[in-house]
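Quick notes on the structure that follows.
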Amino acid sequence: MSRDKNERYGLIGGNASPYSQKMRAAMLYRRLPFDWILRSEKNDYLLKDLRPVLVPVLRLPEDGSLHLDSTKLIYMLEERHSERSLIPENPAHAFLTHLIEDMADEWVTKMMFHYRWAYDPDIHYASYWIADDRSASAADEARDKFAKMFATRQIGRMPLVGCTPENLPVIEEGYHFIIATIRDHVASGGAVYLFGDRPSLAEFGLYGQLRTLSVDPTPQSIMRKEAQRTESWLRQLDDASGVEGDWLEGDDLPAATKALITYTADVYLPFLAANAKATVAGEESFSIEIAGKSYSQGVFKYQVKCLNDLQARYASLSGSAKELVNGLIGEASVKILASA
Ligand SMILES: N[C@@H](CCC(=O)N[C@@H](CS)C(=O)NCC(=O)O)C(=O)O
């Protein structure tokens, strides 16, 4: 179904907000008409009736209605526009691009949140970045006050999302792994992206978190030291409206895509399963072992929904598509996804 090109969306978001960056890059790539509305104290009124108040927010051209949650928004835009889809036609690849996107949204985001609020240079940089976007011309005193308030709030939230000293090794190791995997992918000389020569849902999920990590001082210095090619790959996705490419033919996938799927199967799916199990049992927290290291966190309802959504998408697979996915994720993850 194609829509009138002149109908413009409103995308309300933050420059320092990874999910907003994900949405903006995805809509630019898809050449969708939209106004980027930087959320600030001047336009807070736009979101006054919204609950919860989160960004990105998509405002529809036809009725001005406001919609939340970047993954839902991306699938809504897939329904509304057929050109330059982010979902590969191969049903197995369509499932796998969603799996990687979900891992980026719910797990790589811990790397983003950790590096942003754990170290002084990043705390300072990010809190003043967010203060400036909130009120570009605020007086120094008000700017200091907001930056301090915001940093205190976010640092206080770190345990809620598992960003604790105990979990630090798992989180930081994951960051080094992900940026190296993309570096090696780009260096392999094959398809530029994970499912072909055109970016998919997975790339924009990764982009949102990693592009933010490529700006904050500490993770930026790590990325520039270990994986500058990854930073270049991310910057090329800032606006990929000029990119033309095809999906991979056949089932086989690049080594890096398989490595990200294996990482997701070894780390993210056991995390989701443990969170769901503890939630159902009415427990407050859960602990798992990841690559020989312990990881503990309080239960998180939203991620139970993420697992249920993955299980529903997995259940809709059949035949060779299911076999391909099973072969890539392994027995333990098949059990997790098949146990809806
Ligand atoms: N699942 C949501 C997450 C959105 C989200 O957490 N957004 C953050 C900014 S990146 C936010 O608005 N946080 C609100 C706050 O910190 O007050 C999505 O994918 O859009």
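Going letter by letter, the sequence shown gives residues 62 to 401 in this note's numbering. For each residue, glycine too, the CB sits at the ideal point set by N, CA and C. From a predicted model like this one, the values you see are computed outputs, not experimental measurements.
- Secondary structure note for E350: its beta strand (DSSP E) is the uninterrupted segment S346 to I351.
- Residues V360, K362 and V365 of the same chain have their beta carbon placed closer than 7 Å to that of T340, with the five preceding and five following residues left out of the count.
- The straight-line gap separating the alpha-carbon atoms of G74 and V114 is approximately 11 Å.
- In this structure, ligand 1 has a non-hydrogen atom nearer than 6 Å to the beta-carbon of L115.
- Inclusion of I184 and W190 in the CB contact set at 7 Å is not warranted, their separation being larger than that value.
- Here the region 147-163 makes contact with the region 384-393; the two share three or more CB pairs at distances below 8 Å.
- By the C-beta criterion, the region 242-251 is judged to be in contact with the region 312-320, since at least 3 inter-stretch pairs fall below 8 Å.
- It is roughly 23 Å from the alpha-carbon of L378 to the alpha-carbon of E167.
- Shown here, F265 sits in a helix according to DSSP, grouped into three states.
- In this model, A200 and K209 are separated by some 14 Å (Cα to Cα).
- Secondary structure of F95 (DSSP, three-state): strand.
- Take L93, set aside five residues on each side of it, and the residues of its chain with a beta-carbon closer than 8 Å to its own are Y70, L138 and H142, in chain order.
- Relative to ligand 1, even the nearest heavy atom lies 6 Å or more away from the CB of D370.
- Judged by their CB atoms, Q82 and A165 are not nearer to each other than the 7 Å cut-off.
- Its Cα nearest to that of D258, the residue A301 stands out among F95, L229 and A301.
- The beta carbons of L147 and S282 sit no closer together than 7 Å.
- Within the same chain, and ignoring the five residues on either side of D96 in sequence, the residues whose Cβ sits closer than 8 Å to its Cβ are R69, Y70, G71 and L72.
- At least one heavy atom of ligand 1 lies less than 6 Å from the C-beta of D130.
- The residues S188 and I191, in chain order, have a CB closer than 6 Å to that of F211 in the same chain once the five nearest residues on each side in sequence are set aside.
- L229 counts as exposed, since fewer than 16 other beta carbons sit within 10 angstroms of its beta carbon.
- The region 218-238 makes contact with the region 351-360: 3 or more CB pairs, one atom from each, lie closer than 8 Å.
- Between the alpha carbons of T291 and I322 lies a gap of roughly 18 Å.
- Between Y254 and L298, the C-beta spacing is not below 7 Å.
- The beta carbon of I351 sits closer than 8 Å to the beta carbons of V231, D327, V328, P331 and F332 from its chain, once the five residues preceding and following it are set aside; these are given in chain order.
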